[in-house]
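Visitor: Each residue of the sequence shown is one higher than the one before, counting from 24 in our numbering. We treat Cβ as the ideally placed atom computed from N, Cα and C, and that holds for glycine. As the structure is a prediction and not an experimental result, all values here were calculated from the model.
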Amino acid sequence: MVLVDWSTNIGEHARSIEVVRFSRSLSANQQEILVVGEQTVYTLKDSGGIRLQKRLAEYGITASLAYKMPPESPDASANHNLILGTSTGHCLVLKEMQLVWCARLQGMVPAQICVDTVGGVRGMVVLMDGKGKLQICYLGTDPPTASLVNTEMKELNYDEMEEEHQELLRVIRQTHGDGATEPEESLVVDSQVPQVLDLGMNEDDCDADDPVGRSDGMVMQLTVNLCVTLGGGKAVENVSITLKAPQCFALSQTSIFIDKVEPGRPPVIIPVVFRVWNKILCSNLEVAVCASYYSLNNEPRTVASSFWLPFALVAKPIPPVKNAKHKIQLDCNKQPPQLQVLFAGLLNQPHVSAAVSQGMSNLLSIQYVSGTEATVLMLKSSGRFCVQAAEFAALWVLTQELCNRLYEYFGPGGEGAAADDEEPFFITFQDSLPLHDYFALIDDHFDLRRHLDELRKDLADRTQQYRVIQKRLLVRFKDRNPSPLNHLDTLLNLTFEQTLLLTDAIDDVEQALRTVSCHLSAATELVLLLVKFRFGMDEENFIALRRHLTPEVCDTTEQGWEEKVDTSLLHLLRTALARSVKEGNSLPPPMKVPQDTLKLRKRITTVVDRLATGARMTDDAVAGGIGPPEEEVPGEDGECFQVVQYREALRQSGMLGLRCEVQQQKKQAGSAAKPVDGSKGSKGGVLADQVKRGQRESKRFKERWWDYCDKYGKGFYDPHRHEQRFLQEFLDLEKKRTDAGKGDSYSSRSQSCASRSGSCRSRTRRRGRSRRRRHRRRHRDRRRRHRRRRRGKKRRRSRSRSRKRRKAKPDSNSGDASTYSPSQPEDKDSESDEESERSEDKQQAAKEAAAKATEKALTQARKAVQDAIKEEEARQRVQVEEDVLAVQAEVEQEIAARLSDAKEKLMAEKASRLQEAEERLDQVFACRLQDATANIRKAIQANVEEGRKELEAKAQKALQDARAKQLHGRAEKLQEAEKRLKDAKARLSNLKGDTSKGNDDESEEASANEEDDEEEEEEEEIGSDESGSDSG
């Protein structure tokens, strides 16, 4: 019987156990146990205690060997070194838990290691992998092939050295002059992507519980063939192909290894099956392929390509749904085709019914494999598309597919390709960017990251607590006189349960983080596309912005998406989008995990604002067919649009001077003569820019503009697509509406401004104007007081002079002219002062009269404007009522037509659904009939089997009864034979007394013969009975 002496828990599976001298501190006759686990190496004592341990966290151990080293001295004992093979293809040599050598193996993961003498060379390492590949290598470097020459005993030939130097220089110049030479071989990786899914074509190797996309019970999958060809003169070996797809796809193989590719041969075709997970939203349809190999000169080469998967793999059309929680609107400059033409590839799939494609004209609803629904609507008259969905991230894939199909339709070679003299096709986005929904996704992603970090910290605390409790319990169990446990075992169990709960919570949070990462990636792609359409960015600037605001969300424990994007945008704002040199000179802060997402949101908003003002990442930023960018045209003195309208209304009513009106007309004429923003010119010019600025600043203005375009502008909301007459009529109506408000535009200005910056600027301007008015009022009052003081001094001076003259009047009758000579200049001064006072009084009176006349004229003008506004309102009211009646009639007619079309569609859909229901019923009946037939056959077979078993049991029982009867008959016959034998013996004894010997002999022989005959007959009967029973 085998008993366990001691045991040690190392926490992982042991790959090898050897008894060696591994530690150098052992005595001469002492040994230890070397245990190699999956990632840890242990040395154990004879009693089972752990002496040393070393964990190799970066490597997974696949093979190990402890080999003996030569002794350091003749009297010393030989020690062992440990050589390890790892799953990463490395070979490690440990000497007493210290790594003394590490080398990378060439394309193999060792499964077995041996050290032996090969070819007379000691210490050769023999390696073998799981496929049987054998490799022999050694530790060290190649020795020099040429022997060293003592140059001191040899004379140097400087001429040969100079020639060699010139030859090397010539080779260097030739190499630099010719440039890098092209490789002789060229590897090409092409992809063959079918547009129709292979539903039911291949065997379904998935279980029913696998989370993959299905349609009518069949797995939605697509097989893409990768074709690898080689051009050149020589073959290439060891080609490695790697595929990178979004997280929503499940690939049959992501890494492919090709042993050899030869030129001139048929291409190597590699099928790759793509499936979709039904719990993750698709964020992109692009798959990247990278092939790496070594050239003939042993230089690493890489070939990269990409392809797009069909939209039908991640979505399927469904009946129209009304779900408009999130929506965006895109405008086209050309009339687009119907949705049936654009999404023909989606509607021609085998699992899509004909009723869905027939009932679709200007509306298409799809459902992603993840379950989210999205809808695209097309307005035929205005060329506008509206994409809406229940989730913000679900808008991206459908919007991307719509834009790609539109560019393909109107691009070169498409059905709607533009002629040479026509305007190229472009898409614009006029609404404000949905940054609020985007920031909500960023906050969700960051909160999940923080929650995951907290759970990991809690798990580390619980595991540390578990180890501490376990050590204390082990110490108490090993004591000779153990102390009480004090509920340490209960605490250990609770800690273990908490650890399990934390691990489950971490798994759930990681799954949720992957899902939110896909949503964030899709939302980032959508925001980048809308920024491109909104500000008319070219492809180069769009790629630069995409590199900084990256949609590739990859989070690690050290670094996350928020830190990388925040640092990239800060670098962008300080370099390409910097407003001054001072911003670019500041040093970037260190990258660290932020406390919240406020700075990141501020960075994104700042980048969008600077792009809106016209800033670009490159100098040669030209709108590459995306559409004209919108630029703000400032009003008079930087005022907002409502103030400009009010000033123009005042000019028309005569409240401002003619000079200001002429100057404003000159400004408008000069600005209208030049194209806006350096573009090729537009239909509306400055008026179109005023309309756009009004839409940005006032929501009510935008609604009135849309209503006006729906009534009179064929539904086109872009002002550049209308003539100046159309825009002037709309602005005249807005001016009249502004005049009717009696200056209420000033009070409602803050409510109508859509942006916070506009309202702040308007408040700042109002404060500045009020300060200037107060300054002018104070200056006017100061001048008035100064004039009053001057006039008072003059009056006092004139009064004093008049008193002096009155005193001097009695002496005036003497006729002495000399007496009045001193007073003559004083009289002249007084007269001039009086005249100046009178002129000033007249001027003041004229000014007051002019002011009263101006006020009276202003009152009359206001009254006239009010009367004109009332008349215009009455006329407009009548016209509006007439238009409303006409529109109501048209709407009723259109509603009736749509109702009839809807009834026809419903009837057709009803018939198609009835037909589908009948077909499904037939299929169900057939399936049930087959099931019933199979069940009946199984029941009949079971009944037959049961009857057969019963018959066999009865036959067995009858056979046993027959055998018992036969044995009983044999026993009776044997008894009868024994009885006859006894009777015969008695007869023989009686016959002995007869006198005649001859008679006695004859009678004995006769009786003996009779007995023999009877015995033979009995034996024959017994034999016949046995044969009969055996046959039965």
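Which residue wins for smallest C-alpha separation from Gly255, given the options Met640, Lys1015 and Pro286?
Guide: Pro286
Visitor: Could you spell out where the beta strand (DSSP E) holding Thr66 opens and where it closes?
Guide: Thr63 to Leu67
Visitor: Which complete alpha helix (DSSP H) runs does the stretch 226 to 286 hold, if anything under 4 residues is left out?
Guide: List check, alpha helix (DSSP H) in window: nothing returned.
Visitor: Identify, in the order they occur along the chain, each residue of the same chain with its Cβ nearer than 6 Å to the Cβ of Asn307, setting aside the five sequence neighbours on each side.
Guide: Closer than 6 Å at Cβ, skipping near neighbours: Pro269.
Visitor: Within this structure, are the beta carbons of Ile303 and Thr538 separated by less than 9 Å?
Guide: yes
Visitor: With DSSP as the reference, label Asn427 as helix, strand or coil.
Guide: helix
Visitor: Mark Asn504 as exposed unless 16 or more other C-beta atoms lie within 10 angstroms of its C-beta, in which case mark it buried.
Guide: exposed
Visitor: Between the Cα of Val42 and the Cα atoms of Asn32, Gln53, Gly34 and Ser48, which residue gives the shortest distance?
Guide: Gln53
Visitor: From Ala463 to Ile627, what does the alpha carbon distance come to, in whole angstroms?
Guide: 13 Å
Visitor: Could you check the C-alpha separation between Glu61 and His36 for me, to the nearest Å?
Guide: Rounded to the nearest angstrom, the two C-alpha atoms are 6 Å apart.
Visitor: In terms of residues, what are the limits of the alpha helix (DSSP H) holding Leu26?
Guide: From DSSP, Leu26 is part of no alpha helix (DSSP H); its letter is neither H nor E.
Visitor: Output the distance between the C-alpha atoms of Ala314 and Ser263, rounded to the nearest integer angstrom.
Guide: 6 Å
Visitor: Between the stretch 561 to 577 and the stretch 436 to 455, are three or more C-beta pairs nearer than 8 Å?
Guide: The stretch 561 to 577 vs the stretch 436 to 455: no contact.
Visitor: Alpha carbon to alpha carbon, how far is Val212 from Ile281?
Guide: 13 Å
Visitor: Which residues in the same chain have their Cβ closer than 6 Å to the Cβ of Ala976, if we skip the five residues on either side of it in sequence?
Guide: none
Visitor: Once the 5 residues before and after Leu418 are set aside, which same chain residues still bring their CB inside 7 Å of it?
Guide: His349, Ile351, Ala397, Val410, Ala412 and Leu549
Visitor: Note down the Cα distance separating Ile106 from Asn321, rounded to an integer number of angstroms.
Guide: 29 Å
Visitor: Kindly list the residues whose CB is nearer than 6 Å to the CB of Ile529, restricted to its own chain and excluding five residues on each side of it in sequence; keep chain order.
Guide: Cβ neighbours of Ile529 beyond the five flanking positions: Leu478.
Visitor: For Phe330, collect the residues of the same chain with a Cβ closer than 8 Å to its Cβ; drop the 5 residues on either side in sequence, then sort them by chain order.
Guide: These residues qualify, in order along the chain: Ser214, Val216, Val247, Glu309, Val310 and Val312.
Visitor: In chain order, what residues of the same chain have a beta carbon less than 6 Å from the beta carbon of Gly583, not counting five sequence neighbours either side?
Guide: Arg472
Visitor: Return the chain-ordered list of same chain residues with a C-beta closer than 8 Å to the C-beta of Gln488, the five sequence neighbours on each side being excluded.
Guide: Thr518
Visitor: What residues in its chain sit with their C-beta under 7 Å from that of Thr3, if we drop five residues either side in the sequence?
Guide: Residue 3 lies beyond the residue range present for the chain, which begins at 24 and ends at 1055; the question has no answer from this structure.
Visitor: Just to confirm the assignment, what range does the beta strand (DSSP E) spanning Ala21 have?
Guide: Past the boundaries of the shown model lies residue 21; the chain is included only from 24 to 1055, so the question cannot be answered.
Visitor: Exposed or buried, what is Val714 when buried is set at 16 or more other beta-carbons lying within 10 Å of its beta-carbon?
Guide: buried
Visitor: Quick one: give me the first and last residue of the alpha helix (DSSP H) that Phe330 is part of.
Guide: Counting along the chain, Phe330 sits inside no alpha helix (DSSP H); it lies in the beta strand (DSSP E) bounded by residues Pro323 to Trp331.
Visitor: Look up Pro742 in the DSSP assignment and say whether it is helix, strand or coil.
Guide: helix
Visitor: From this set, Leu220, Asp354, Leu253 and Asp578, which residue's C-alpha is nearest Arg237's C-alpha?
Guide: Leu220
Visitor: Could you tell me how far apart the beta carbons of Phe558 and Leu634 are, in whole angstroms, since I believe they sit closer than 8 Å?
Guide: Going by Cβ atoms, the distance from Phe558 to Leu634 rounds to 5 Å, so yes, they are a contact pair.
Visitor: Can you tell me whether Asp1076 is buried or exposed? The criterion is at least 16 other CB atoms within 10 Å of its CB, across all chains shown.
Guide: With the chain represented from 24 up to 1055, any question about residue 1076 goes unanswered, as that position is not in the structure.
Visitor: Kindly indicate which three-state DSSP category Val299 falls into: helix, strand or coil?
Guide: Reduced to three states, the DSSP call for Val299 is strand.
Visitor: Take the Cβ of Gly98 as the centre, count every other Cβ of all protein chains shown within 10 Å, and call the residue buried at 16 or more, exposed below.
Guide: Checking the sequence, you will find Asp at residue 98 rather than Gly. It is exposed - the Cβ of Asp98 has fewer than 16 other Cβ atoms within 10 Å.
Visitor: As a quick exercise: from Tyr731, Ala1000, Leu1011 and Gln916, pick the residue whose alpha carbon is nearest that of Val903.
Guide: Tyr731
Visitor: Taking the alpha carbon of Leu1066 as the reference point, which residue from Asp512, Tyr317, Asn427 and Met241 has its own alpha carbon closest?
Guide: This structure does not reach residue 1066, given that the chain is present from 24 up to 1055, and the question cannot be answered.
Visitor: Tell me which same chain residues have a C-beta within less than 6 Å of the C-beta of Ala696, skipping the five on either side of it?
Guide: Because the pLDDT of Ala696 is 37, which lies under 50, any placement of that residue in the model is unreliable, and the question is left without a value.
Visitor: By how many angstroms is the C-alpha of Gln197 removed from the C-alpha of Leu191?
Guide: 10 Å
Visitor: Reducing DSSP to helix, strand and coil, say where Asn180 ends up.
Guide: coil
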